[in-house]
Each structure stands twice: as structure tokens, then as C-alpha cells.
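**Q**
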Amino acid sequence: MAKAKAAATEEVSLDSGNPAINRPRLTKLIIKNFRAIGNKPVEIDLDDIVVLVGGNNVGKSTILKAYEVAMCQGSSSGILSIDDFPRGEVNLDELPEIEIQTVVFDNAPGEEWISMTDQGERLVREKFTWSEPGKHSKRQGWDSKKNTWSEKVPWGAPNVANSRRPEPHRVDAFDDPAKQAEEIKKLLKKVLDDKVKQHKGFEDQESVYNSLLKQVETLQHVIVAEAESEIKEINQELSRMIGRVFPNYKVDFDPRTTDGIDKTISLFKGEAQLLMGPEDGYMSSIEKQGSGARRTLLWSALKYISETKSKKNDDGTPARPHLLLLDEPEICLHPNAIREACNVLYNLPNHHWQVMVTTHSPIFIDLSKDNTTIVKVERKADDSIVGTTVYRPDRLKLSPDDKLNLKLLNIFDPYVAEFFFGGKTIIVEGDTEFTALKYVIQKKPEAYKDIHIIRARGKATIISMIKVLNQFGADYAILHDADSKLASNGNANPAWKINENILNEVQLKPEGVKVRLLSSITTFETAYFDEDIKNEKPYNALQQLSTNPDFFNRVERLLSCLIDHAASPPEKCIEWKSMEELEIACQ
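Numbering-wise (full-length UniProt numbering), the sequence shown opens with residue 1 and increments by one.
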């Protein structure tokens, strides 16, 4: 009997320990009956970086919290309150459930826990269920042999499984300043505490300073002297990180060992100071800093502390990866600081971090990255919450040229990804079309609302954007110059070939998605302003529209048919579905 029991509870590491085999990869999060999420499960595809977009009060922050509690089974952070249950009440038919799906690369968990996906990957499923507030969750594993949830679990006890899962760090949108400051100081003090615990020179003195309070002050001075390099490293690293967002600022962490001795054994004074300010100016406490500075310092500190205090593998990398759950990182930040913060976050996966953020800022979406999944969270008419993956690069198969186009477009226009947040989407070829259509919208804002115009800044970039929008799955329209089949010297015009490439990509649209493809014959200026302009085209467009009502009416009609796909386009504008049709129109 004893042997049978031991076999049933055998602990298996979450990864094989073989450096030739990839680490397990968290691939999906499924949430049910948790806070605002009801009986209809919300599925979230996971990636190195997951960006949750959607309106206010649709459940984005709930998803962050669900991910955190699932990663914390067995600890106080994994316990739910009554407010986490649907409608704030316990219903045995609607208990909170969170499922985590993990792809593994060997058979370490045991064959009974492994299901094969359509892509030929090994998948392990675990489910966490909470039966009442204040209690730990019940974890179950999916037995692929019996095709049912089992009372046994892969990888054994929670501490074994959690030790190889990402360690979660959640930063809420509106934390109290004092709470944020205290959390940062606690994290930084952990580094010094760990330094002392690891310092072999104190092994024989431990019982002495635990029993003799009068030696505490002397001990503190010794510790600070020993930890001087650690304190210096903390200040340097945090100053470097915060300097990316707030140039020429530095951070100074002072344990304040001389400001009084507590009547308990404490390595450092409880009220440690954390100061921040210009390198050559006045440095004030972090509580007095602005919200943006506090939030930036908090996730910078989390990154530094977690990497510093983690056990290291032989190659120096953290043994346990980390998960940063960040709610609206753009809050209270200057636009330049938002862009810098975005760069920092996108670099975290290079250091064994996974990131999940909620955002209302298109700046936090970089379409050129390979490791980013965008999930749109919506609340439907029946009050159910739905999470839909609207962008995943590994399914998109972008070419190197596509990635370069999107990277350049993101640099020129940080708001290019605004279409992920809803509204009607129009792709235009260049600045002239963008300026003209925006002018009409500005003049008649009540008639034209919730319209997002993407200027591709080049005909070839339109193709890259079509690929993204096709995966996004929403209706859109395209406006570009038809151009002529031959150049002025009689040679083939390269721009004409791009027309065919645009058409081919449009024809790959998903079923049910409506796309309207319009071309100006043969250029925007000749079609709507009756002349071919070579220089200062956007400025000329503004001049023409502001002084000529006929030209304004033409462009307004063009805008209307880009929004309403059933409306007739103006003269010298064609909706085309074949190259022959376009060629005839251009003759």
C-alpha cells in the first residue's frame, strides 16, 4: 500500500532538466465564472507578450487577476474572496474555474497527461476550481487516456509545479501611492536580506544577534559594509532602467541603519527611504513622485529584483521565469515616456519574462514583433464577456519585407494600430489621401464618427497592412492610385504590378469579412482635383478643398463610399475585382 501511495504522489519536475529540450510553454488560459466573467468561458491565447484591448469595464483587468491566481496555487495570492465569485455569491453550479494549457516537449509528466494537438504538439491541461472564499483552489489534471478530469495532477504538489511556472507580479492601474512605495521598498530590502542569508561569515554569529538585542546596531553596520556593492548595484541598475523613461534621473536606496534601532531583530530599519530625482537636483521620496514615475519605477524594480533574487542556472539565467501583469501602463505617462516604457516591456521576454498588459493606447502595439498576441475583450449584448485573438504573427506568416514595412510604419505613425480598438478602418496610400479625407471629417465631425484612416506611406506597405487586417477579421476599405501600366519612358511601371499583389492579398480575406477595393484613376490629384501635382501634395489638397466646393464634394463622396460599401464611388474612382477591369478603366 505504501508503495502505491508513493507512486500516486510522485513529484515530477515541470521541465526535463535536459538543456537540449525546450522549456514547457504556457499556451492558453481559459476563465469561467470569475468576477464579471460568467458561465461562458473566455479563452486567451498566450504568447511572450499579450496585449488586451477593448472598451472600459469589459473584463480586461479580471483576466489579469485570473492569470495571477492560477499561477499562485497554494499561496495566499491564490485564494479568492467572495467578490471574486459571480455576483458575489457562492453557487455550486457556477464555481470559479481557470484552466491552464501547457505545451511540453517530452513525456516527463507521464503519458496519461499528454494530448496531441492538431499541430502535433504535446499538450497538458490543468484546471483550478474554487469551492468557497478563503480556501485554496482544487487542481485537477486532464487524463487523456480516460478522457476526463482526474483527481490526480501532473507534476505533483503545487510548490513543485509553481517552481517552474512563471512567478506573477501584478501592477494595478490605480494603486495607492503609499502602497506602491511600500511595495518597492519591500522588494529592494529583500535583496539585502538575501545578501545576509547567503553571507557565510555570519553563520557562527546568528544565534548571538538573535538573543542579544544590543548587538543589532553593530551587526547592521557590518551588514551594510558587506552589502555596499549590492546597494551600489541596486542604485545603478534602477537608475539605468528609470533613465530610459525619465532621462538624467537617478534612484538612491538608503537602508538608514543609523536612524534608531527597533526592539525586534530587524536587519534594516523598517522605514527605509527610497529617493528619486535629477542627478544634480533635489531628490524626494518616491511617495512624492508623480503617478507615472511611481508606476515606472515599480515595474522596473520588479524586473531587477526578480532576476537578482532568483536562483540561477549554470548559465546564469533565472531558474524560474516571471510574469508581469500590468494594467494600463500608459496611465499618467508623457507620450515620450509611453514609447520608452513600451520598448522596455517588449524587451522583457529576452530576460525570461512573459508580459500581459491591458491598454487603451495603440502605442503599446508593435506590429513588427514576432512574439506579440493581441486579444480583443468585448462585453456582448447578453452581458457575456468574449476574448478574441485578433492578431498573432506566427499565424500570419509575414515576410521579411512585411516586417520591415510594418516596423517603419510604426516608427512614422505610432498610432497605426488604432484600428484594433474598434471603428471603421480605411487604408490609404499616402499623405495626400490622408490629409484630404481627414479635412472632410474635421469639417463634418457629426457625420463621420469613429473612423480610423491608416496611411500606408507607400503602395507596397498596403499589402502588409491587408495581411494584418485580414487576420483581425473586421471589415475595411482600401484607396490607392491605379497608376499607369507603362512608365513615361515606355517601360513597365513597377507600381502597376503592386496593384495585382494588392488584389491577390484582398482575395485571401476571411469568410464574412467585407472589403472594398477602390482605385483613383490614375492618381488622387488627377481624379479629384483635375490636375497632376508633383510637389507639396498634402498642402495643395488642403488649398483645393478649402477654396473649391466642387472638389470638397468629390472627396466627401469618396469618403462616404469608403465607409458605406454599397454607396456609388465618384467619377474617376473604380471599385475593381480583376486586373482586366482596372486596365480598361485606366485606358
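Every residue gets a Cβ at the ideal spot worked out from N, C-alpha and C, and that includes glycine.
Find out if the Cβ-Cβ distance for the pair Ile63, Pro133 is shorter than 8 Å.
**A** In this structure, Pro133 does not lie closer than 8 Å to Ile63 by Cβ.
**Q** Check whether the segment 39 to 53 and the segment 110 to 125 touch, using three or more Cβ-Cβ pairs below 8 Å as the test.
**A** no
**Q** So, with DSSP's three-state summary, where would you put Ser560?
**A** helix
**Q** For Glu505, which option in Met241, Asp402, Asn39 and Thr523 has the closest C-alpha, if you only look at C-alpha atoms?
**A** Asp402
**Q** Kindly identify the DSSP beta-bridge partner or partners of Val103.
**A** Arg25 and Leu123
**Q** Compare the Cα-Cα distances from Lys369 to each of Thr148, Ser291, Leu297 and Asn410 and report the closest residue.
**A** Asn410
**Q** Using a Cβ-Cβ cut-off of 6 Å (strictly less than) and excluding sequence neighbours within five positions of His452, which residues of its own chain qualify?
**A** Glu418, Phe419, Gly423 and Thr425
**Q** Per DSSP, what kind of secondary structure is Glu575 in: helix, strand or coil?
**A** Strand at Glu575.
**Q** What residue ranges within the segment 404 to 477 form continuous beta strand (DSSP E) runs of no fewer than 3 residues, ordered along the chain?
**A** Fully enclosed beta strand (DSSP E) runs of no fewer than 3 residues occupy 424 to 428 and 451 to 455 of the segment 404 to 477, in order along the chain.
**Q** When you compare each of Pro549, Gln507, Lys127 and His136 to Ser150 by their alpha carbons, which one comes out closest?
**A** Lys127
**Q** Suppose contacts are defined by Cβ-Cβ distances below 8 Å. Is Ala482 in contact with Ile521 by that definition?
**A** yes
**Q** Please state whether the Cβ-Cβ distance between Arg244 and Glu340 is less than 8 Å.
**A** yes
**Q** Could you name the residues of the same chain whose beta carbon sits closer than 7 Å to that of Met465, not counting the 5 residues immediately before and after it, in chain order?
**A** Ile427, Ile454 and Ala456
**Q** Which first and last residues belong to the alpha helix (DSSP H) in which Ser239 is found?
**A** In the DSSP assignment, Ser239 falls within the alpha helix (DSSP H) that extends over Glu228 to Val245.
**Q** Taking the alpha helix (DSSP H) that Leu396 belongs to, which residues open and close that run?
**A** Pro393 to Leu396
**Q** Going by the beta-carbon positions, is the gap between Val377 and Glu556 smaller than 8 Å?
**A** no
**Q** Does the Cβ of Asp32 have 16 or more other Cβ atoms within 10 Å, making it buried, or fewer, making it exposed?
**A** For the sequence presented, residue 32 should be read as Lys rather than Asp. Looking at its Cβ environment, which holds 16 or more other Cβ atoms inside 10 Å, Lys32 is buried.
**Q** Can you give the Cα-Cα distance for Asn499 and Met579, rounded to whole angstroms?
**A** 8 Å
**Q** So Tyr282 is in the alpha helix (DSSP H); what residue range does that whole segment cover?
**A** Looking at the DSSP string, Tyr282 is not in any alpha helix (DSSP H), and its letter there is neither H nor E.
**Q** Let me confirm a value: Ala566 is counted as buried when at least 16 other C-beta atoms fall within 10 Å, else exposed. Which label applies?
**A** exposed
**Q** Could you check what DSSP says for Trp130 in three-state terms: helix, strand or coil?
**A** coil
**Q** For Trp155, report the span of its beta strand (DSSP E) as first-last.
**A** Counting along the chain, Trp155 falls outside any beta strand (DSSP E), and DSSP gives it neither H nor E.
**Q** Out of Ala381, Ile365, Lys397 and Asp532, which has the shortest C-alpha to C-alpha gap to Val416?
**A** Ile365
**Q** Around the C-beta of Asn162, are 16 or more other C-beta atoms found within 10 angstroms, so that it is buried, or is it exposed?
**A** Answer is buried; the Cβ neighbour count reaches 16.
**Q** Buried or exposed for Leu213, please, with buried defined as at least 16 other CB atoms from any protein chain shown within 10 angstroms of its CB.
**A** Any reading at Leu213 is ruled out, since the residue's pLDDT is 45, under 50, leaving its predicted position unreliable.
**Q** Which whole-angstrom value describes the C-beta separation of Ile184 and Leu298, a residue pair presumed to lie in contact below a C-beta threshold of 8 Å?
**A** The Cβ separation is near 6 Å, so the contact holds.
**Q** Going by CA-CA distance only, name the one from Lys577, Phe421, Lys407 and Asp382 that's closest to Ile374.
**A** Phe421
**Q** Would you identify the three-state DSSP class for His169, choosing helix, strand or coil?
**A** strand
**Q** CB-CB under 8 Å to Asp475, same chain, minus the five flanking residues each way: which ones, in chain order?
**A** Lys424, Thr425, Val513, Lys514, Val515 and His565
**Q** For the beta strand (DSSP E) containing Lys138, name the first residue and the last one.
**A** Lys138 to Asp143
**Q** Starting from the C-beta of Val58, find all residues in its chain whose C-beta is less than 7 Å away, skip the five residues before and the five after it, and write them out in chain order.
**A** Val377, Glu378, Arg379 and Ile385
**Q** Given a threshold of 16 other Cβ atoms within 10 Å of its Cβ, counted over all protein chains shown, does Pro570 qualify as buried or as exposed?
**A** Classification of Pro570: buried, given that the 10 Å Cβ count is 16 or more.
**Q** If you count every other CB in all the chains shown that lies within 10 Å of the CB of Ala181, and 16 or more means buried, which is it?
**A** buried
**Q** For Asp431, which residues in the same chain have their Cβ closer than 8 Å to its Cβ, ignoring the five residues on either side in sequence?
**A** Arg455, Arg457, Lys537 and Pro538
**Q** State buried or exposed for Pro414, treating a residue as buried only when at least 16 other CB atoms are found within 10 Å of its CB.
**A** buried
**Q** Buried or exposed: Arg139, going by 16 or more other Cβ atoms within 10 Å of its Cβ?
**A** buried
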